[in-house]
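Peer 1: Protein chains in written order, with the working numbering: chain P, 1 to 345; chain S, 1001 to 1345; chain X, 2001 to 2345; chain W, 3001 to 3345. Backbone N, C-alpha and C fix where the C-beta goes; we use that ideal spot for every residue, glycine too. Only a predicted model underlies this, so the values are computations on that prediction, with no experimental measurement involved.
1) Three or more beta-carbon pairs under 8 Å between the segment 1141-1159 of chain S and the segment 1108-1128 of chain S, yes or no?
2) Quick one: residues in its chain with C-beta nearer than 7 Å to the C-beta of residue 2262 (chain X), no 5 flanking neighbours on either side, listed in chain order?
3) Note down, in chain order, every chain W residue with its Cβ under 8 Å from the Cβ of residue 2412 (chain X).
4) Note down, in chain order, each residue of its chain lying with its Cβ closer than 7 Å to the Cβ of residue 3063 (chain W), except the 5 sequence neighbours on either side.
5) How many Å lie between residue 3201 (chain W) and residue 2232 (chain X) at the Cα?
6) According to DSSP, simplified to helix, strand and coil, what is residue 1087 (chain S)?
7) Excluding sequence positions up to five away, which residues of its chain have a Cβ less than 8 Å from the Cβ of residue 1237 (chain S)?
8) Just checking: is the beta-carbon of residue 46 (chain P) within a distance shorter than 8 Å of some beta-carbon in chain W?
9) Excluding five sequence neighbours on each side, which residues of the same chain lie with their C-beta closer than 7 Å to the C-beta of residue 1026 (chain S)?
10) Is any beta-carbon of chain P found at less than 8 Å from that of residue 1245 (chain S)?
11) Going by DSSP, what residue range makes up the alpha helix (DSSP H) through residue 3315 (chain W)?
12) Should the segment 2273-2288 of chain X be regarded as contacting the segment 2297-2306 of chain X, the criterion being three or more beta carbon pairs within less than 8 Å?
13) Going by CA-CA distance only, name the one from X:2334, X:2021, X:2051 that's closest to residue 2314 (chain X).
14) If you run the structure through DSSP and keep just helix, strand and coil, what is residue 346 (chain P)?
15) What residues are listed by DSSP as bridge partners for residue 229 (chain P)?
16) Under a three-way DSSP split, which group does residue 196 (chain P) fall into?
17) Determine the extent of the beta strand (DSSP E) in which residue 2250 (chain X) is found, giving its start and end residues.
18) Examine chain S for any beta-carbon lying closer than 8 Å to the beta-carbon of residue 173 (chain P), and answer yes or no.
19) Could you please give the first and the last residue of the uninterrupted beta strand (DSSP E) stretch that includes residue 1139 (chain S)?
20) Would residue 1058 (chain S) and residue 265 (chain P) qualify as a contact pair, given that the criterion is a beta-carbon distance under 8 Å?
21) Using a Cβ-Cβ cut-off of 6 Å (strictly less than) and excluding sequence neighbours within five positions of residue 2271 (chain X), which residues of its own chain qualify?
22) If the criterion is Cβ atoms closer than 8 Å, does the pair residue 3108 (chain W) and residue 3085 (chain W) meet it?
23) Beta-carbon within less than 6 Å of residue 2349 (chain X)'s beta-carbon, same chain only, minus the 5 sequence neighbours each way: which residues are those?
24) Chain P beta carbons: is any one of them nearer than 8 Å to that of residue 1169 (chain S)?
25) When the cut-off is 8 Å and only beta carbons count, does residue 55 (chain P) lie next to chain S?
26) Please report the straight-line C-alpha distance between residue 2073 (chain X) and residue 2052 (chain X), rounded to a whole angstrom.
27) Using 8 Å as the threshold, is the segment 1132-1150 of chain S in touch with the segment 3177-3195 of chain W, meaning 3 or more CB pairs across them?
28) CA-CA distance, residue 2245 (chain X) and residue 2328 (chain X)?
29) Within 10 angstroms of the Cβ of residue 173 (chain P), are there 16 or more other Cβ atoms? Answer buried if so, exposed if not.
30) So the candidates are W:3114, W:3077, W:3339, W:3248; which of them puts its Cα closest to the Cα of residue 3103 (chain W)?
31) Please compile the residues from chain W whose C-beta is within a distance smaller than 9 Å of the C-beta of residue 2176 (chain X).
32) With DSSP run on the structure shown, which of helix, strand or coil describes residue 3033 (chain W)?
33) On the CB-based measure, 16 or more other CB atoms within 10 Å of its CB, does residue 2312 (chain X) come out buried or exposed?
34) Within this structure, are the beta carbons of residue 166 (chain P) and residue 230 (chain P) separated by less than 8 Å?
35) Spell out whether any CB of chain P is found under 8 Å from the CB atom of residue 3043 (chain W).
36) Which residue wins for smallest C-alpha separation from residue 2047 (chain X), given the options X:2017, X:2234, X:2190?
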């Protein structure tokens, strides 16, 4: 059986998930949606993905033809031929879509911009793949939560308990977004603690975590500054923590002094050398020489490619919901190997 | 008695300390030094400050005349007529100067770029003014340490103990420095924990503090993200912490939502409206709506004007060393009132 | 006679014009307006300027009292006691205000955000002070037009004709504005030629000028890249052009290599050393070593402090409209001397 | 015959040229050089390119083995098996290399960082491919000169003469370079006129051009602001100029208002959607709605991807020097088609 996947929304995340799904051998894209015949449709055409309208109104569908695009129908038409829909629409419109997905009787996956309460279930491969097996719908957590889970879940699994404070230094705008600032300022997120850290508990409730956030004038990568308190008798050292992370998927751990990768700029240049579409980095990046375990306190930095670390997670979530692969490590390996083959370098 | 103050070094900090000292009624500037007859001498001329050469070699002194500046002599000449010297030379050259100051038999104040070990004594008005009374030399701690002391010392004095984790989001270059980057990157300081936080213990050893730091592409203000663990029975609330800080000097605490001051950009604009020379902000800035006490954990943000928060501290340190004012609150009030009178607005 | 000046609007430009007017000995501020009892009113209180409401509705006026501010009345009340109003309201609302000013029977000055057609008269001291003598209303041209006039008018007056192409490299946001981007992009103004250059012809119609503009991610200063074609027989050299500009008011011309002032960052740091309120630079800045006359083509760069170069022009425009000083050089000298005395350094 | 190509230097340009050459069917990479066994060697390994040492000293060659890399020999060994070498070493070391290339008796191509005088011949496909047929060595001009040639050469060929003023708004650092500033400043290049524009005359001496340059705090793309004076009787309109450019290779001309591509950020996002390695854009980008012909004066903006627009030109230059393709349009079409096939999207 090949899983038939619909992508509702074809922007920053939607286009990436479409590419990642399209290159897997156990699933195909049956269609992607756009709201109107805009410039962004050209990419769907180029990627040879069937194009649908986000709406069902005939005039909105017909508008695509006037724009020179072949639109196959409305959202309902697309849902009717899909097994699962990945909702990549802008944040906060998910609630309206949920009803449509339920009515269509198909499985659904939302992104981290939506609230956990909407689906009652969230997903990150390393945290709770098994719990997501065969459920009707889930939410792939945000780029930040995904990144935190990658390093914290292994720690938790080793230690049995964990208390974490995280400062999130966030890029203020995506690379293709020229409207947002600030240009020369640091912006604290005054809601304290921020929602980012506690969201980890939607996939691993046992991890006790708080966070604070600031936005800074960059366009590439969030950077997390993490202080984790381990329980007495944790039996770890700085070196064994590094070794643990090195053995896990989707963590790239490198020495800044040796590689010259000392800022998020060099991290993204390293990612460009991988040749993945959009120069993406699905792994989180940890600086080996920035990890330090002092007594029970573990300090480290990690960088998150905000546009893409959740992309392969959506592929794995599809397999969980469809019940086709219960071993998360197997799914991740399969997903990542297929994506690697599409790299240009 | 009017205290005769020499300023050795007339750059970012030196020029500001000179202005702050010059407007006090109990001290005068007997001279400032420059290494050579450069453009920067014009400001000393404009401020009507006697100009000396950083070196004693006659040819270096004579060079000033060729450049059209009236140079009164070398460093030794200046030290000979001073009661106290404030060393504002670039970091790491202090050690060489120390010997000269000792030989001249005058009191000396270094800046936070030098190590505590060099003087064995450090200074922040709110932390240890009394301990600095009549000592021969001290070090005014860095802008970051000064800022941390302003909020942490009152907390410590109330609680009796304190354990702090601080993430420092640092501006990468000063406003007048166009050579440094990064332009579009976040740079973690891989030495973990960083030296910044623990430096607080040079003025208040009882405060247990660690820090991590990142540099970001801005030119104005450092921002501290602070998580402080208070002891059981601290008896504080979010409101009472705010009230405590509001009653202390050199803390400006405002509500971001009410004032529209939501980033470091608006903080510095607020400072410009004060009309102090260089648009300086000697106070640290705390966002009232970014303070939150949950159980024993206190979360808050504070912003530090890296160019100027230590400036009035140097004035107070002079009084401590010269033994002319033992009450730190009295000295601070006197210092700040005199500076206020020089504002252009 | 002391000229009674109202300032309608007390933001970036309004507060500066108020300061510049207040320190002159031939005029006084009778009031400034704010739309509501916001944080910005504190500055008016601090500067001891009578506060009025932008509107006449009693509830809007009364709101100030609830906010703790002493509001003297509505706009009509203010206009009734003024000889001249300087309109510093946000761009595009000027048209509505014009009627009110006419009804009040007082003189009025708009800023460069309004169109020339609205008043039919524009003003820059060096270009057309005399033509503005005793007129009812005028418009002080924009920061860019003001800056262009400073260097181009003397050239025109010497050469008799002039053809100019100007590329404007514009800061994207003001220093206190954290909402605007871009963070990492250059934005061409696609309307070609841009409106900026030709606006010079509203004050000096004989200068033939076109311009193109780009916005870049900085907050301080516009930079003009200028190519001027002089007529045959102009009789100038690179040196004589520099000399000509050096002899004019409100042009600061310096050598980048000698002073280390190589970017707009160092220019603004130089301005901060002047100690004017807000660290303002009323002069335009020309790099001496960036001026080059080759045959009939003159190349040069100039930097414009977008927040302030028009500020003293408003003072001079008041004198022109009130008919109290017909010699522009005399007015400029008087204006600038009075402002200098308010500097903190 | 398959052309055997050596790449001396494997950094920003070298790695790109290697990829572009490697995917052509008429040439192969026989080796690339690195100075030492650094992190950058990993990319050569990944791309399966034979690795050589930039130097011939045995200890420097042996160092690679200690670093875990298989180094095939020194530069001399590489030159001995190559037909042509593309010098991609850092600017200004080319002169030393020239002698080695001559001694090896092979053809050589330098990059735009070297002076024209060194080779006495420069190259841009659209300007002088034919003149480069079978020459011993040449220089592919810089990214800026290449970009200027793309739009100016067709104009010149139509008009017969052309006089151009260009303002270059330059990105201050490449995306992977976090050391350079400025962060919040505009930096004029005080050498006036700059060397950039006149360099066009090394490939098309008949075009009369001057330029001025400023650097701004961005990492992506240079932007050119161009004013070209056409001769009387040019017979062109805004529309026909656009049409002319649309028909030429390696020019991408789009409407900013229609596509939402309004800054260099969106241009580079458009490039990422192409899926080429590193998200490169080999075409120059012209905004259709930013082109305006008024009388004899043509105004337009173009954006240049500084890391990559010269990359395919190197491939074409190889064919010219080796004498295998005399038709520049045929070479360009072949080059670009082969590169397109390697895209990940």
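Peer 2: For this structure:
1) yes
2) 2256
3) With chain X covering only 2001 through 2345, there is no way to say anything about residue 2412 (chain X).
4) 3036, 3037
5) Going from the Cα of residue 3201 (chain W) to the Cα of residue 2232 (chain X) covers about 26 Å.
6) strand
7) 1293
8) yes
9) 1002, 1003, 1324
10) Not one chain P Cβ lies under 8 Å of residue 1245 (chain S).
11) 3311-3322
12) Yes: at least three Cβ pairs fall under 8 Å.
13) X:2021
14) In this structure chain P extends from 1 to 345, so residue 346 (chain P) is not present and cannot be described.
15) Its beta-bridge partners are P:163, P:297.
16) coil
17) Note, residue 2250 (chain X): premise wrong, no beta strand (DSSP E); not H, not E.
18) Interface annotation, residue 173 (chain P): not in contact with chain S, CB-CB separation never under 8 Å.
19) 1137-1140
20) no
21) 2279, 2281
22) Taking 8 Å as the Cβ cut-off, residue 3108 (chain W) and residue 3085 (chain W) qualify as a contacting pair.
23) Any question about residue 2349 (chain X) goes unanswered here, given that chain X covers just 2001 to 2345.
24) yes
25) With 8 Å as the cut-off, residue 55 (chain P) does not count as an interface residue toward chain S.
26) 5 Å
27) no
28) When rounded, the distance between both Cα atoms is 16 Å.
29) Label assigned to residue 173 (chain P): buried.
30) Considering only alpha carbons, the answer is W:3077.
31) Chain W residues near residue 2176 (chain X): none, gap ~13 Å exceeds 9 Å.
32) The answer is strand: DSSP assigns residue 3033 (chain W) an E or B state.
33) buried
34) no
35) Cβ-Cβ to chain P under 8 Å: yes for residue 3043 (chain W).
36) X:2017
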